[in-house]
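Okay, so here's the structure we're looking at.
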Amino acid sequence: MTTPTDDLKFEDAYVPEPEPGPEPLHRRLGLTDDEYRSVCRILGREPRPAELAMYSVMWSEHCSYKSSRPFLDRFPTEAPWVVVGPGENAGVIDLGDGWLAALRIESHNHPTFVEPFQGAATGIGGILRDVFTMGARPVALWDQIRFGPLDQPRNRYLFTGAVSGIAWYGNAVGVPTVGGEVAFEECYSGNPLVNVMCLGLMRSDELVLGTAGRPGTVAVLLGAATGRDGIGGASVLASASFDESSTTKRPSVQVGDPFEEKKLIEACLELYRRGLVVGIQDLGAAGLSCATSEPAARAGVGMEVHLEAVHVREPGMTAAELLMSESQERMMAFVDPDHVDQVLAVAERWEVDASVVGTVRAGGTLSVYEGDELVAEVPAASLSEDAPRYHRELGEPGWMEDLWSNTLGLVAPPDTSKTLLLLLDDPSIASAAWVYEQYDHMLFLNTVIGPGHDGTLLRVKGTRKGLAVSTDGNGRLCYLDPRRGAARLVYEAALNVALCGARPRAVVDNLNFGNPEKPEVMWQFRETVEGIAEACEALGVPVVGGNVSFYNETDGQDIYPTPVVGMLGLADPMPATPPRLDRAADGMDLWLFGPEWAINLAGSAFEQVAFGHVGGRPVAPDPTLAAAAIDAAVTLAADGLAPVLHDISDGGLAVAVAEICIASDIGVSLRVSDWRHLYAEDPHRFLAAAAPEDGDRIAEVAAEAGIPARRIGRFEGIDIVFELPGAVASVDVETAARTYREAIPRRVG
Amino acid sequence: MTRIGVITFPGSNCEHDTVHALGLAGADAELVWHRDTDLAGLDGVVLPGGFAHGDYLRPGAIARFSPVMGEVARLADEGRPVLGVCNGFQILCEAGLLPGAHIANRDLAFICRPVEVEVVDTGSVLTRAAEPGRRLRIPLNSYEGAWVDPTGEGRVVLRYTDDPNGSQDQAAAVANQEGNVVGVMPHPERASEPILGSDDGLVLLSGFVEACREVKV
Amino acid sequence: MKVTVNIVRRPDIADPQGATVARALRDLGHGAVRSVRVDRSIHLEVDGDDPDQVRAEVVRMCEELLANPVLEDFDVVVEG
Amino acid sequence: MKVTVNIVRRPDIADPQGATVARALRDLGHGAVRSVRVDRSIHLEVDGDDPDQVRAEVVRMCEELLANPVLEDFDVVVEG
Ligand SMILES: Nc1ncnc2c1ncn2[C@@H]1O[C@H](COP(=O)(O)OP(=O)(O)O)[C@@H](O)[C@H]1O
Ligand SMILES: [Mg+2]
Numbered sequence: 009m010t011t012p013t014d015d016l017k018f019e020d021a022y023v024p025e026p027e028p029g030p031e032p033l034h035r036r037l038g039l040t041d042d043e044y045r046s047v048c049r050i051l052g053r054e055p056r057p058a059e060l061a062m063y064s065v066m067w068s069e070h071c072s073y074k075s076s077r078p079f080l081d082r083f084p085t086e087a088p089w090v091v092v093g094p095g096e097n098a099g100v101i102d103l104g105d106g107w108l109a110a111l112r113i114e115s116h117n118h119p120t121f122v123e124p125f126q127g128a129a130t131g132i133g134g135i136l137r138d139v140f141t142m143g144a145r146p147v148a149l150w151d152q153i154r155f156g157p158l159d160q161p162r163n164r165y166l167f168t169g170a171v172s173g174i175a176w177y178g179n180a181v182g183v184p185t186v187g188g189e190v191a192f193e194e195c196y197s198g199n200p201l202v203n204v205m206c207l208g209l210m211r212s213d214e215l216v217l218g219t220a221g222r223p224g225t226v227a228v229l230l231g232a233a234t235g236r237d238g239i240g241g242a243s244v245l246a247s248a249s250f251d252e253s254s255t256t257k258r259p260s261v262q263v264g265d266p267f268e269e270k271k272l273i274e275a276c277l278e279l280y281r282r283g284l285v286v287g288i289q290d291l292g293a294a295g296l297s298c299a300t301s302e303p304a305a306r307a308g309v310g311m312e313v314h315l316e317a318v319h320v321r322e323p324g325m326t327a328a329e330l331l332m333s334e335s336q337e338r339m340m341a342f343v344d345p346d347h348v349d350q351v352l353a354v355a356e357r358w359e360v361d362a363s364v365v366g367t368v369r370a371g372g373t374l375s376v377y378e379g380d381e382l383v384a385e386v387p388a389a390s391l392s393e394d395a396p397r398y399h400r401e402l403g404e405p406g407w408m409e410d411l412w413s414n415t416l417g418l419v420a421p422p423d424t425s426k427t428l429l430l431l432l433d434d435p436s437i438a439s440a441a442w443v444y445e446q447y448d449h450m451l452f453l454n455t456v457i458g459p460g461h462d463g464t465l466l467r468v469k470g471t472r473k474g475l476a477v478s479t480d481g482n483g484r485l486c487y488l489d490p491r492r493g494a495a496r497l498v499y500e501a502a503l504n505v506a507l508c509g510a511r512p513r514a515v516v517d518n519l520n521f522g523n524p525e526k527p528e529v530m531w532q533f534r535e536t537v538e539g540i541a542e543a544c545e546a547l548g549v550p551v552v553g554g555n556v557s558f559y560n561e562t563d564g565q566d567i568y569p570t571p572v573v574g575m576l577g578l579a580d581p582m583p584a585t586p587p588r589l590d591r592a593a594d595g596m597d598l599w600l601f602g603p604e605w606a607i608n609l610a611g612s613a614f615e616q617v618a619f620g621h622v623g624g625r626p627v628a629p630d631p632t633l634a635a636a637a638i639d640a641a642v643t644l645a646a647d648g649l650a651p652v653l654h655d656i657s658d659g660g661l662a663v664a665v666a667e668i669c670i671a672s673d674i675g676v677s678l679r680v681s682d683w684r685h686l687y688a689e690d691p692h693r694f695l696a697a698a699a700p701e702d703g704d705r706i707a708e709v710a711a712e713a714g715i716p717a718r719r720i721g722r723f724e725g726i727d728i729v730f731e732l733p734g735a736v737a738s739v740d741v742e743t744a745a746r747t748y749r750e751a752i753p754r755r756v757g
Numbered sequence: 033m034t035r036i037g038v039i040t041f042p043g044s045n046c047e048h049d050t051v052h053a054l055g056l057a058g059a060d061a062e063l064v065w066h067r068d069t070d071l072a073g074l075d076g077v078v079l080p081g082g083f084a085h086g087d088y089l090r091p092g093a094i095a096r097f098s099p100v101m102g103e104v105a106r107l108a109d110e111g112r113p114v115l116g117v118c119n120g121f122q123i124l125c126e127a128g129l130l131p132g133a134h135i136a137n138r139d140l141a142f143i144c145r146p147v148e149v150e151v152v153d154t155g156s157v158l159t160r161a162a163e164p165g166r167r168l169r170i171p172l173n174s175y176e177g178a179w180v181d182p183t184g185e186g187r188v189v190l191r192y193t194d195d196p197n198g199s200q201d202q203a204a205a206v207a208n209q210e211g212n213v214v215g216v217m218p219h220p221e222r223a224s225e226p227i228l229g230s231d232d233g234l235v236l237l238s239g240f241v242e243a244c245r246e247v248k249v
Numbered sequence: 006m007k008v009t010v011n012i013v014r015r016p017d018i019a020d021p022q023g024a025t026v027a028r029a030l031r032d033l034g035h036g037a038v039r040s041v042r043v044d045r046s047i048h049l050e051v052d053g054d055d056p057d058q059v060r061a062e063v064v065r066m067c068e069e070l071l072a073n074p075v076l077e078d079f080d081v082v083v084e085g
Numbered sequence: 006m007k008v009t010v011n012i013v014r015r016p017d018i019a020d021p022q023g024a025t026v027a028r029a030l031r032d033l034g035h036g037a038v039r040s041v042r043v044d045r046s047i048h049l050e051v052d053g054d055d056p057d058q059v060r061a062e063v064v065r066m067c068e069e070l071l072a073n074p075v076l077e078d079f080d081v082v083v084e085g
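Residue numbers (my numbering), protein chains in the order written: chain A, 9 to 757; chain B, 33 to 249; chain C, 6 to 85; chain D, 6 to 85.
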């Protein structure tokens with residue numbers, strides 16, 4: 009066996025022209041000619057095929073963030089409770105009393121479009137690994153999913169397939185999916201979005217990082233056998249074949265195995281508990297290439313890897329294939345040489361396959377062997393740190409001014425009862441029960457408030473703490489004004505956790521965008537990042553992680569800019585009886601918290617659903633009011649003053665009040681001074697139900713927090729009754745409930 | 033203290049929840065790995081929910097060959113209380129300790145939501161503490177939740193009031209003739225604390241713990 | 006040797022999947038579809054050179070694990 | 006007419022279920038088992054009397070609904 013050279017000397021000057029011919033290998037792998045030259049410059053020579061493969065996956069947009077990195081630095085990432093910020097596999101925050109929470113969000117948009125069931129399922133597998141890589145037990149999942157309208161068969165196929173895939177994987181792996189979002193818009197027809205978020209819990213001494221450790225540390229590959237799955241999935245190699253002479257079709261579709269993942273979780277958690285690993289890294293996009301180079305780069309070391317030791321599913325895989333494979337359910341553990349036997353024994357007990365595949369070396373070189381043959385020798389850090397950075401061109405879209413001036417300008421209000429039913433029948437607003445009842449959302453006995461409410465509230469057993477989570481996205485709003493829209497999502501998510509009695513503590517974000525090579529898309533991106541950053545700063549909440557998904561376009565048509573915000577809040581102590589939607593009762597008052605805004609319907613579900621209109625400029629959020637609303641909500645929830653709290657979002661006041669009535673099976677009568685108040689989605693507003701005798705106390709809470717609050721109605725009877733100036737409209741709760749519950753099931757048949 | 037073993041197969045996932053709830057019902061519950069074969073000192077066993085062996089092939093098909101299952105069968109023969117919840121119910125059927133088998137839910141969708149069941153037979157270790165006719169709200173969480181039994185030998189002890197999955201006789205829980213082996217499809221451990229929405233499952237688990245205690249003396 | 010095991014659901018056992026697929030096919034315009042049953046087929050590679058012996062062993066595998074006698078019948082084909 | 010559709014996972018696509026079943030069979034003492042793949046077979050009854058026509062229609066059903074072209078290959082056998 010050849011021994012690895014110490015630090016190689018790379019010449020700087022040699023930059024060959026890319027090979028002539030029909031389509032050089034680097035292009036087929038998704039590298040540009042300039043990127044190819046950079047590789048040559050780094051290596052001081054032309055790359056070997058396996059090396060080119062490694063650079064192509066590691067420098068892909070997905071792995072390198074080459075278009076987005078410069079912007080993401082804008083996010084505030086610090087707070088006293090942040091233990092691990094962006095950059096690791098998941099963000100980690102301190103909950104006090106020795107408890108840590110790990111949080112991460114990821115997209116699986118393109119795989120879902122290719123194969124919805126496995127694409128969405130493997131998204132769940134991947135996000136779980138990001139979290140248990142940190143040492144935490146994954147305790148809950150959320151899914152944010154967006155599709156084209158359900159009247160098209162292809163969209164139904166994608167939607168039902170993705171939901172089944174999430175259910176299949178999440179349920180079988182044994183991590184409850186406790187919330188999420190479902191939305192339908194034409195712009196997602198060619199490009200569905202599947203984002204998934206995971207929360208993990210651990211004790212503070214269980215935290216592990218993705219570091220390779222010191223020279224001598226041994227790399228142990230755990231989990232599923234490596235096959236040709238998803239080769240080049242990250243580098244958009246979808247159909248190009250690696251070797252033109254071979255006719256085998258190389259599938260890009262990864263297949264998930266939740267059973268393997270479940271065993272892997274238990275095995276890894278035991279390794280952490282027993283202190284048997286120095287560091288650990290999951291194998292996701294870019295597979296082995298990433299799981300060797302990144303931990304080595306983080307530790308400032310190199311590594312020697314032996315591909316023949318990798319346990320494989322199929323014979324005859326090339327070095328490049330082994331390095332690029334995205335086979336699921338694999339982890340790379342870095343282990344002190346004295347602990348290797350114990351690690352292998354733990355793996356065996358959990359029936360997880362394990363192989364020793366490498367050793368950490370001093371000096372920063374990653375040397376990869378196949379038997380005696382050296383197939384790759386590159387500076388480990390160059391794969392991640394030397395990835396290209398693109399300062400893509402930005403340009404405000406020419407259409408913004410037109411959009412903003414294109415207001416609907418209704419003269420007369422439409423029929424209130426019909427409009428309410430129309431909104432409740434909209435699949436983006438309607439009950440998501442058809443989705444979340446396919447997900448185990450109760451496992452672990454932590455789910456105090458489950459799906460179907462504004463936020464999810466989980467208890468932390470053995471403590472008095474509660475964790476509240478809300479995830480929010482709204483592509484239409486962000487299309488109309490990315491900065492305002494994105495900021496409003498942060499405030500909405502923060503208010504949602506506050507309505508569970510929790511204080512916002514950390515944000516993760518998933519930025520789903522179109523083609524970054526278009527200046528308009530990069531402008532939307534920059535504005536969105538700005539909006540999120542401004543709102544997080546105003547709230548004092550750090551961003552601890554996120555994900556960027558570009559190239560969400562089909563036939564040149566980009567999706568709406570669609571950031572998704574995941575907010576984690578901490579309630580310590582957790583309210584004894586947290587507010588719920590189903591606790592409104594006869595005789596309770598209905599309170600509206602929040603300002604009487606200018607009457608703005610821009611971007612509302614009302615304009616879109618009732619009139620097919622998307623235009624106008626949405627209202628800007630107000631940081632002061634946002635903070636006041638959060639304060640008031642937390643106090644009301646903590647004191648148990650309001651049995652019901654509910655924010656006003658999609659569909660406005662009319663839908664929000666109907667949701668309370670449906671959940672509680674009770675009617676309401678309410679008064680508003682202008683019909684537009686029923687549908688406006690202006691931020692920082694929420695509803696409360698409370699006993700009449702608590703009215704004074706409620707008004708005090710509002711005054712102390714600095715937010716206006718008014719009694720606008722009373723729960724009674726079996727109808728939802730709106731008293732408008734000069735008109736009264738009503739819908740019976742039973743009809744409303746049927747419409748709301750049937751909207752999705754009746755469309756998917 | 034009544035000692036109850038909660039058998040954990042690779043892929044089980046409700047084992048910790050089951051231990052937690054049995055504790056609330058007054059037992060001292062502990063995990064037993066599926067390769068262990070020593071159940072001495074245990075007064076009863078529970079096979080918890082989850083996806084043993086990924087539910088591959090058929091739920092419970094592979095799990096029934098786990099080394100521990102011989103001992104479980106012996107306990108069952110001796111008349112000790114044996115309870116299977118959800119996946120545990122499927123395993124007991126595959127193992128032949130309960131009659132019948134499970135097929136996919138009628139609507140071919142996984143169902144996770146509370147359902148209402150009625151106590152129809154109190155002659156089992158699961159239902160002995162509940163009044164006949166009592167209705168309980170307990171979460172269901174299964175895909176292959178429909179029980180079928182061409183032999184008609186099963187003793188239905190809990191019945192759905194509004195059949196969610198197409199089970200024969202609307203069966204939600206089934207016992208052997210002796211009543212000491214019971215399988216239940218909804219999860220009583222998920223209905224064991226008011227803060228989680230219902231504690232109706234406690235009457236079932238407490239009855240089971242009691243049965244284990246009695247066998248002991 | 007290559008062996009195929011066809012596992013078919015016994016006729017008295019409901020087949021919700023078959024019923025659903027039949028409905029979906031008719032909805033797609035395939036009105037000629039009378040009935041559909043969805044079964045499992047298992048393809049094994051088994052060491053051995055005596056087809057009868059291999060067959061006998063696979064039959065045992067079916068009795069033990071691959072088929073559930075309450076629900077299913079099976080049929081073993083050794084393809085050599 | 007009776008038609009059988011054999012749907013098999015494309016050879017490169019992982020089959021975790023098959024791998025798990027193979028492991029279980031070996032644990033049960035069937036050491037001769039090399040590999041297992043778990044697939045589906047669908048049995049249809051379709052109105053019609055021209056086997057070629059029926060076959061063509063079932064092939065369409067496979068393309069539209071029964072098989073997943075990204076993961077699976079299929080094969081249609083008209084049994085008359
Ligand atoms: N894909 C999904 N998976 C699980 N739960 C979902 C999903 N979509 C929506 N939900 C649940 O339904 C409820 C309503 O969702 P949504 O209308 O998006 O809430 P909001 O408008 O308050 O943000 C939430 O509790 C959410 O967790
Ligand atoms: Mg909300």
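Even for Gly, the Cβ is constructed at its ideal location relative to N, Cα and C.
Keep in mind that this is a model prediction, so the values were computed, not measured.
Practice problem: List the residues of chain D whose Cβ lies closer than 9 Å to the Cβ of F97 (chain B), in chain order. | Solution: Walking along the second sequence from the start, residue 97 (chain B) turns up at place 65. Residues of chain D passing the Cβ test: A29, D32 and L33.
Quiz item: Under 8 Å Cβ-Cβ, which residues of chain B neighbour Q446 (chain A)?
Solution: Sequence index remark: in the first sequence, residue 446 (chain A) carries index 438 (1-based). Correct list: A141, F142, I143 and C144.
Exercise. Select from A:N608, A:V741 and A:R755 the residue whose C-alpha is nearest the C-alpha of W683 (chain A).
Key: Stepping through the first sequence from its first residue, residue 683 (chain A) is reached at position 675. Comparing C-alpha distances from W683 (chain A) to each of A:N608, A:V741 and A:R755 shows the shortest one belongs to A:N608.
Self-check item: Outcome for W358 (chain A) when other beta-carbon atoms lying within 10 angstroms are tallied against a minimum of 16
Solution: The count along the first sequence starts at 1 and reaches residue 358 (chain A) at position 350. Label assigned to W358 (chain A): buried.
Quiz item: Got a sec? Which residues, its chain only, sit under 8 Å from H449 (chain A) by beta carbon, not counting five neighbours each side?
Solution: Translated into the one-based positions of the first sequence, residue 449 (chain A) becomes position 441. Taken in chain order, the residues that qualify are P184, T185, V186, G187, T455, G458 and P459.
Practice problem: Report yes or no: is there a C-beta of chain B within less than 8 Å of the C-beta of V38 (chain D)? | Solution: Position 33 of the fourth sequence holds residue 38 (chain D). Answer no: the Cβ-Cβ gap between V38 (chain D) and chain B never drops below 8 Å.
Exercise. Would you decide whether H399 (chain A) is buried or exposed? Buried here means 16 or more other CB atoms lie within 10 Å of its CB.
Key: Here residue 399 (chain A) refers to the residue found at position 391 when the first sequence is read from its first residue. H399 (chain A) is classed as exposed because its beta carbon has fewer than 16 other beta carbons within 10 Å across all chains shown.
Quiz item: What are the residues that DSSP puts in a beta bridge with A61 (chain B)?
Solution: Counting from one through the second sequence, the residue named residue 61 (chain B) turns up at place 29. B:I36.
Exercise. Could you check what DSSP says for V241 (chain B) in three-state terms: helix, strand or coil?
Key: Position 209 of the second sequence, counted from the start, is the residue given in the question as residue 241 (chain B). Of the three classes helix, strand and coil, the one that applies to V241 (chain B) here is helix, per DSSP.
Practice problem: Quick one: give me the first and last residue of the beta strand (DSSP E) that I47 (chain D) is part of. | Solution: For the purposes of this step, residue 47 (chain D) is taken as the residue at position 42 of the fourth sequence. For I47 (chain D), the uninterrupted beta strand (DSSP E) segment begins and ends at V38 to V51.
Quiz item: S230 (chain B) bridges to which residues according to DSSP?
Solution: On the second sequence, residue 230 (chain B) is found 198 positions in, with the first residue counted as 1. Beta bridge pairing from DSSP links S230 (chain B) with B:E225.
Quiz item: Around the Cβ of Q209 (chain B), are there at least 16 other Cβ atoms within 10 angstroms (buried) or fewer (exposed)?
Solution: Residue mapping note: residue 209 (chain B) aligns to position 177 of the second sequence, counting from 1. Around the C-beta of Q209 (chain B), fewer than 16 other C-beta atoms lie within 10 Å, and the residue is accordingly described as exposed.
Quiz item: Three or more C-beta pairs closer than 8 Å, one from the region 528-540 of chain A and one from the region 79-88 of chain A: is that the case here?
Solution: Yes, the region 528-540 of chain A is in contact with the region 79-88 of chain A.
Self-check item: Pick from B:G177, B:D231 and B:G229 that is closest to G92 (chain B), judged by C-alpha positions
Solution: Mapped onto the second sequence, residue 92 (chain B) falls at position 60. Of the candidates B:G177, B:D231 and B:G229, the one whose C-alpha sits nearest the C-alpha of G92 (chain B) is B:G177.
Exercise. Name, in chain order, the residues that DSSP records as bridge partners for Y530 (chain A).
Key: In the first sequence, counting from the first residue as 1, residue 530 (chain A) sits at position 522. The sequence as given places Met at residue 530 (chain A); Tyr does not occur at that position. Under DSSP, M530 (chain A) takes part in no beta bridge, so it has no partner.
Self-check item: Nearest-angstrom Cβ-Cβ length linking V51 (chain D) and V64 (chain D), presumed shorter than 8 Å
Solution: To locate residue 51 (chain D), count along the fourth sequence from 1; it is residue 46. To locate residue 64 (chain D), count along the fourth sequence from 1; it is residue 59. Incorrect: roughly 12 Å between the Cβ atoms, too far for contact.
Quiz item: With a CB to CB cut of under 8 Å and the five nearest residues on each side skipped, what residues in its chain are close to L76 (chain C)?
Solution: Here the question's residue 76 (chain C) lines up with position 71 in the third sequence. Excluding positions up to five away in sequence, the list reads R14, R15 and I18.
Quiz item: Going along the chain, which residues of its own chain have a beta-carbon closer than 6 Å to the beta-carbon of M66 (chain C), five neighbours each way excluded?
Solution: By one-based count along the third sequence, residue 66 (chain C) stands at place 61. So the list is empty, once near-sequence residues are dropped.
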